[in-house]
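K.L.:
Taking mature numbering (1 follows the signal peptide of the UniProt record, and there is no 0), I'd label the letters of the sequence shown as residues -22 to -1, 1 to 91.
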Amino acid sequence: MKTRPFFLLGPVLLLAALSAMAQVQDTSQYLQRMDSDGDGRVSPDEYLQWMLYAFDRMDRNGDGVLEPAEQPGGRGKPITREEQRQVILSRFARQDANGDGYLSARELMAPPR
């Protein structure tokens, strides 16, 4: 089994994403799950969709803000969906080593940049 990129998630999303990721057995499956259009690479929109799923599941009252009570351990600084979106896009840009605007399987699995 290959290493999964848990480092790409902020602490707010890590716990919620674990259950979805636990069903993925290797790098190609991980890419395939994120790659909704099947082109063999992950776009920023596909990456956001995958990563914000966890945020949306944790936001129990649906107000677009993860309050401490909605976060793992019941503590943490409140974060809006837009703030989390920006964090995710920043991580995407850092992982896009060749600067082509997409993540390959290799870039998804690479150590954080």
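Glycine included, every Cβ here is placed at the ideal spot set by N, Cα and C.
Nearest CA to the CA of Gln27: which residue from Gly16, Leu44, Gln49 and Arg63?
P.N.:
Minimum Cα distance to Gln27 is reached at Arg63.
K.L.:
Can you tell me the Cα-Cα spacing of Pro90 and Ser82, whole angstroms?
P.N.:
Cα to Cα, Pro90 sits roughly 14 Å from Ser82.
K.L.:
Does the distance from the C-beta atom of Val43 to that of Asp37 stay below 9 Å?
P.N.:
For Val43 and Asp37, yes; Cβs fall inside 9 Å.
K.L.:
If Leu86 sits next to Arg59, beta carbons under 8 Å apart, how far is it from one beta carbon to the other, in whole angstroms?
P.N.:
In fact, because the Cβ distance is near 23 Å, the residues do not count as touching under 8 Å.
K.L.:
Could you name the residues of the same chain whose beta carbon sits closer than 6 Å to that of Gln10, not counting the 5 residues immediately before and after it, in chain order?
P.N.:
There are no such residues.
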